[in-house]
Structure formats: structure tokens, C-alpha cells
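Have a look at the structure below, then the notes.
Number of protein chains: 2
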Amino acid sequence: MDRTARHSETRYGNRPTMKDVAARAGVGLKTVSRVVNSEPGVTPDTERRVQEAIDALGFRRNDSARVLRKGRTASIGLVLEDLADPFYGPLSRAVEEVARAHGALLINGSSAEDPEREQELVLALCARRVDGLIVIPAGDDHRYLEPEIKAGIATVFVDRPAGHVDVDMVLSDSFGGAREGVAHLIAHGHRRIGFIGDQPRIHTATERLRGYHAAMRDAGITVEDGWVSLGSTEPERVRAAAEEMLSGPEPVTALFAGNNRVTVTAVRVIAERERPVALVGFDDIELADLLGITVISQDAAAVGRTAAEHLFRRLDGAEHAPARVELPTTLIPRGSGELPPA
Amino acid sequence: MDRTARHSETRYGNRPTMKDVAARAGVGLKTVSRVVNSEPGVTPDTERRVQEAIDALGFRRNDSARVLRKGRTASIGLVLEDLADPFYGPLSRAVEEVARAHGALLINGSSAEDPEREQELVLALCARRVDGLIVIPAGDDHRYLEPEIKAGIATVFVDRPAGHVDVDMVLSDSFGGAREGVAHLIAHGHRRIGFIGDQPRIHTATERLRGYHAAMRDAGITVEDGWVSLGSTEPERVRAAAEEMLSGPEPVTALFAGNNRVTVTAVRVIAERERPVALVGFDDIELADLLGITVISQDAAAVGRTAAEHLFRRLDGAEHAPARVELPTTLIPRGSGELPPA
DNA sequence: CATCCTCTTGACAACGTTGTCCAGGGCCTA
DNA sequence: TAGGCCCTGGACAACGTTGTCAAGAGGATG
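Sequence lines, in order, name chains A and B. Going by the UniProt record's numbering, the letters in the first sequence line up with residues 1 to 342, in that order. Going by the UniProt record's numbering, the letters in the second sequence line up with residues 1 to 342, in that order.
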């Protein structure tokens, strides 16, 4: 009896099952299933009786069992870096909208830029047998995904490429965007331009740096030591880097910020200074228009939507070779990038 | 044969099961289960053989089946208004962190402020048998949740109270916060103060309006027609409302914005004006410090964390009566709220 | 050497649903 | 009225896992 008690406790509080509904309605199990799934072949009268029993008992189909039987979970997993980051909110929402249109739910996880946590999350999602995965990778080796992909979990990588595994990817044109932004500063007379970016193991960080170098090279400018700083995007680190670049006998006259978090801190540092400093940031920011911040904008929602649409095309049976989509960026001049050198 | 083919197609791409692992390792099914779950009572040698088979086959436990058997999904659902809203990103992330600490995954859904969609989402989550639910309600009648709650799905409502159902709630002190913000404007000499808020069917909107009225009454100010505007937070609507209040022979000299979206638009409108207008906004905004916007801040992360902790306390067996927690807000003066009447 | 105990292992049922297949009843047609 | 067909409904197995229980091996103890 103790056993029985403990049993019912772990269960879903003794929820009614189709069997209970069938008993109450005086019909067979399968008939209930038919009603619940709106399958044809049930007389209106029977259907009514079953429906009444369902309402009376508060029955709700157990999708766990359904999933086990059907093999599809109608859910997809999204692993990103930080749901609290204003770049990922809209991305996530866009993925959700597409998922919703396909009748799927979204399971969300933040890797906090930790490769181990990324793997842990991804594998947990695979164990749940999500139908598909959208991953913004933190690590650079994703061979652990091979058995999963082989087993049929559709996968799309976003924002950064996958490491050592051949999958669909949706990226932004980090290189081209950064190059355009830096060229924009050069066009406004700057030659001493600082670059502050994210950690070098992050693909977008190095791509943007590559864009910076390309633009400088195009203009025949030699990048000096101390003009480039990659590392964590913690405000303290960015602040220190910016202040160093802006000090000394020959300070930079403009800054290029490698992502939204860097931009925010850079704006603060510049606001405290007497001499104006030009600034272009990668990623748009809310209220940047009011602050007059020139940015390279990438459409987070479009990225998410594109990735999700790719994913569902795969789930609907598309078999072509893994594709790599690159979305363009847009330069939005708002003032800070058009300041002349001080 | 056709049948077989179609069958294997719908399945998880013929993933190996414990049975396959057992066959390969030459052991019984249950022994594999024991190894997979790190249960005691397996010789190191047997364990090694099983582990090898697992690696060779790329086996991953099917959590759907596990859930069916165990009755717990180790996942919780979070239904909010819009994941893309900067207020909900941090909230969601905080919930996720707590869930993670309890070994649970987070399933996320946006209601888009549509009661029907809220219900649809919540019930879908219940069908998945999430262990618990955190809901930021869009509607005001949640009786549809009764069978679910009775069946044992722990539920916490956040930000707005539940309608006609007795559950735990975690709210912010909307009334007190708004009252303090408006009193702050009054203390700086304003008497003609406009209030622009969200739709009146949203609880926080009416609570904040109540706070506004209380502060005005405390100061002996009679609120005039045209000083209060509730409705959608679409920029166009807010803009029109703000412009109307700021025009005419006797315009308001200060605005109180009912939430972050309203604040953003209000800032834009005010920036276009010649005469300065004081502003206090409910909810903090990124970069508000640089723009000098005085706000009533509620800690979204704290709200999410508190709600999630309540939820897991329930899941761990807490049986006390449903509680209602109200978190305090903070006034952060940054300039816009301290401007004198023009 | 018999007995008991412990430790490892596996057989089996059950979780709640859906797919398959069959039975029975009603209706139409010849 | 017999034969055939269609329509509705139900019995049963299967999905992949875990809990229960029992059996067998091996060691310790009398």
C-alpha cells in the first residue's frame, strides 16, 4: 500500500487517461483517441458522449505518450548565448513565431558562452528528441553532434559557423559589415581608428576584426599596436581598453565597437570625455537613434526567421546539401560615425 | 514493406535503443538502464562493456519514454507576453537559471498579449506534462487551468494576478511605484502631469494609473480630462496621446509613462519638442542613464528568480496556501524627472 | 558441508497513447 | 431473402523506458 501511495504521488496527480474517459463514456479506448484527434469515423452521438466524459473528467491528452508512439515531438530546441541579451530576444521570438506556424513548441537554453554548457544543453534537447535544433554555438568543435544528426535531428547553426560538422548555417556578414563601418569612419577623415571586440575564439569577433583590417588596408593605413583589443565584453574590460586607446600622445580619433555590449560601454566612456570621439558599433541598439549612434545593423529577427524556416524545410523533407546563408548588414548613420577627427 | 519503410521514416531515424545496446554488449536490458542512470550494482567490467556499446552505437536515452514511465518531465513552461521585449529577456533568463539549478529545461512561449493564444499555449504545455508553469497572463479568466492545477501542475502567476483561480503570484508594486514616481514629479513643482499607459484590461496598467491618481489626490490636485490616456503601446498611439497632452493652451508640464515601451516613445516625442518636458517612466531601459531618463525600476531578473524559486518549492512538496508576493520598485533619478515645469 | 547472506543480473509488466486489424450491424442491391 | 458493402467501434500490440521481483553465483559462517 505504501508502494501504491508513493506511486500515485510521482504520477501526474492521477490524471484521467483515455481509458478512464472510455470507461465513463462507455466506449472503447480507440474511439476516445479518435475523438481527441478529430479522426473521422465517429458518429456525432458517440462523439458527444465522449466529449462530455472528457470535460467531466478534465482529461488532457498526455503528449509524452503520444510522442513516444508517434516519434515526433513537435518541438524544437534553441540554444543561444544569453536570452537576456537584447540581440537574442527578437531572434528567439522570431524562431518561436515560425515554430508556432508549424505547430511546434520552442525549448530555450542559454549557454552563457560556455562550450561545455552548450554541449550539455544540446544533448539534453536531443534526449528529449526535439525534432530540430537551432544553435548559436559557444564552442568550436561540434563533432559530438554527429550521431544526433545522423539519427535525424535537423540542425541549423546561427550567427557563427559549426566546427567540424557539416550542417546548415545562417550567418550575418560580419566581415562586410565591419569593413563598411570602418570605411565609413575613414571616409570621414579618420586614420587612427580603434577596434574593440569580443573574445577571439568567437567567430564573429575575428570576422569583424578581419573586416577592420581589410578596410584599413584598402585605405593604405597601417594598424598600430594598441589599436586593436579583443577580449571579454565585460564593461570593465571594455572601458579599460577604450580609455587606453583614447589616452596617450597619439590617441585614436574613432572607435569601432565589435558588438552591442561593447558599443554600450564605449558610448559611456565617450560621454565622459571632453573631446568628441567618433563611434560606429556593430549591432543596433534601442534608443541609438536618440543618442545619435551610428551602427552596422543586422536584423536579429530576420536571422532567427531564416534559420527557423530552413529548419522546418528540412523537417518537411528537404534533402539538399547543407547550405550556408549569409545575411547582409546595413549601415545606419546617426551622427556618431560622421564626426570628424578631433 | 511499404508500411515498414514509412514506419522507420517517422521514427527517430532508427535510433538505437537500450535493447540494441543490450544486444551488442551481451547483457540484459535493465543492466543498460542501470549504467545509463548511474545506478549502483553493476560490476566495473560490465559497465565498461555497456559503455562501449553505447559509444559505438551513438545511443542517447529517449527521455520521452523515460518521462512516460517516471511521470516527471523535468521541464517547466514559461508563458509571457513577448520574448523580444527587453523586460522579459532578463526575466526569462532568470527563470532559466533557476530551472537549470534544478535540472529542468525551460519551454518558452509568447502570448502576444492575446488571451486566446495564452490559453492555447498553456494547455499545450500542460499536455506536455510540464512539471510547472510560470504565466504572465494576457487574459483575466484562468478557470481553464483548474483541472490542470488539481492534477498537480504547479503554477505561479507573474506580473499580473490570475483571474478566478487561487495560485501563487509574484507581482511588482505597480501602485506604489507609480505613486512614488508621480509624487516625485509633484515634488519638483509639477501640477499638470500626464499619464500614458497600457490597455486598461492589463492589471499593471490600472494599478499604475491608480498610483497616479493617489499621488495626485495626496497633493490635492484635480486630474483634468485629457491628462490620462490608456490604450495600446504602439508608438503611433502613444505619440498621438503625448502630442495631444503637450499641445493646446494649457499643456501638461510632465509625463508619467506607464511602461518601457511608452517611455521609449515619450522620449522620442519630447526630444522633438522645443520646451523641456519632465518625464518619469515605469521600467528601466538600457542606456537610460546616458539619456538622463528618470525611471521607476523593477528588477525583472529578481521577479523571474522569485517566481521560479516559488515554483520549485512547490514542486519539492511545499503545501502552504497560495501566496502573493509583491516586490518593491526603486526610483532612479537621472535628470528627466527632476526638470522643473517649463 | 549446509545454510544464509550479499551482490549482480535479467525477465517482465507497466506508463498512456496510436496504428493495425477485425467484427458486427445496418443498408443496399439483385 | 441472401449476399455484399460500408460504416462504426473495439481488442491488441507496440513505442522505449523504469520499477519490481526473483534467480543464480559466490562468499562467509555455523
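C-beta: ideal position from N, C-alpha, C; glycine also.
8 Å CB neighbourhood of residue i in its chain, flanking five on each side removed
i                      : result
A342 of chain B        : T253, R275, P276, V277
P333 of chain B        : H184, T294
residue 348 of chain A : The structure shown does not extend to residue 348 of chain A, since chain A spans only 1 to 342, so no value can be given for it.
V42 of chain A         : T31, R34, V35, V50
G335 of chain B        : G292, I293, T294
residue 347 of chain B : Here chain B covers residues 1 to 342 and nothing more, so residue 347 of chain B does not appear.
Contacting residues, own chain, Cβ-Cβ under 6 Å from residue i (five flanking each side not counted)
i                      : result
G211 of chain B        : F175, A178, R179
P235 of chain B        : T265
A25 of chain A         : R49, V50, A53
R15 of chain B         : none
G304 of chain A        : L91, A94, V95
L315 of chain A        : D131, G132, A154
A301 of chain A        : P90, A94
P328 of chain B        : D173
residue 365 of chain A : Residue 365 of chain A lies beyond the range of chain A shown here (1 to 342); nothing can be said about it.
D140 of chain B        : G163
Q298 of chain A        : S172, T329
R237 of chain B        : G231
V228 of chain B        : F195
Residue i burial status per 10 Å Cβ neighbour count (16 or more: buried)
i                      : result
Q199 of chain A        : exposed
L232 of chain B        : The residue asked about is misnamed: residue 232 of chain B is Ser in this sequence, not Leu. It is exposed - the Cβ of S232 of chain B has fewer than 16 other Cβ atoms within 10 Å.
H142 of chain B        : buried
G28 of chain A         : exposed
E113 of chain A        : buried
T330 of chain A        : exposed
A318 of chain B        : exposed
G103 of chain A        : exposed
R201 of chain A        : exposed
G189 of chain A        : exposed
S110 of chain A        : buried
G248 of chain B        : exposed
P86 of chain A         : buried
I69 of chain B         : Before going further, note that residue 69 of chain B is Arg rather than Ile in the sequence given. So R69 of chain B counts as exposed.
N260 of chain B        : buried
residue 343 of chain A : The shown model of chain A, from 1 to 342, leaves out residue 343 of chain A, and the question about it has no answer.
P44 of chain B         : exposed
A99 of chain B         : buried
M1 of chain A          : For M1 of chain A, the predicted model reports a pLDDT of 29, less than 50, meaning its position is unreliable and no value from the coordinates is stated.
Cβ-based neighbour list, residue i, same chain, cut-off 7 Å, excluding 5 preceding and 5 following
i               : result
R191 of chain B : I221
V182 of chain B : I193, G211, Y212, A215, M216, F256
L57 of chain B  : P16, D20, V21, R24
E47 of chain A  : V35
I270 of chain B : V277, L279
D166 of chain A : P322
Listed by chain order, chain B residues near residue i by CB distance under 8 Å
i              : result
N62 of chain A : L68, A127, R129
E96 of chain A : L83, N108, G109, S110
T73 of chain A : S64
Contact set between residue i and chain A, taken where Cβ atoms lie within less than 8 Å
i               : result
E286 of chain B : P86, V264, I285, E286, L287
R15 of chain B  : A151, G152
A65 of chain B  : L68
Where residue i meets chain B, residues with beta-carbon distance less than 7 Å
i               : result
A271 of chain A : L290
Chain B contact residues for residue i, given Cβ-Cβ distances below 9 Å
i              : result
G58 of chain A : E146, P147, E148, K150, A151
Chain-ordered chain A contacts of residue i [CB-CB under 9 Å]
i               : result
L123 of chain B : R60
R268 of chain B : L287, D289, L290
L105 of chain B : G77, I107, N108, G109, L121, A124, L125, R128
Proximity test, residue i beta-carbon vs the ligand PLP heavy atom, cut-off 8 Å
i               : result
E113 of chain B : The model depicted lacks the ligand PLP and carries no ligand whatsoever.
The region 76-94 of chain A: which residues have C-beta closer than 9 Å to a C-beta of chain B, in chain order?
G77, L78, D82, L83, A84, D85, P86, Y88, G89, P90, L91, S92, R93, A94
Determine, using beta-carbon pairs with one atom in the region 315-335 of chain A and one in the region 170-187 of chain A, whether at least three such pairs fall under 8 Å.
yes
Whether or not the region 107-119 of chain A and the region 75-83 of chain A are in contact is what I'm after, with contact meaning three or more pairs of Cβ atoms, one per stretch, closer than 8 Å; do they touch?
yes
Would the region 146-161 of chain A count as touching the region 299-312 of chain A if we require 3 or more Cβ pairs under 8 Å?
Judged by pairs of C-beta atoms under 8 Å, the region 146-161 of chain A touches the region 299-312 of chain A, as three or more such pairs exist.
Mind the definition here: the region 128-135 of chain A touches the region 65-77 of chain A only if three or more C-beta pairs lie below 8 Å; say whether that holds.
yes
Interface residues of the region 138-160 of chain B facing chain A [CB-CB below 9 Å]
Cβ contacts with chain A: E146, P147, E148, K150, A151, G152, I153.
Could you run through the region 173-200 of chain B and flag, in chain order, every residue whose CB is less than 7 Å away from some CB of chain A?
Residues: none.
Check each residue of the region 294-306 of chain B: if its Cβ is closer than 8 Å to any Cβ of chain A, include it; give the result in chain order.
Flagged, chain order: A301.
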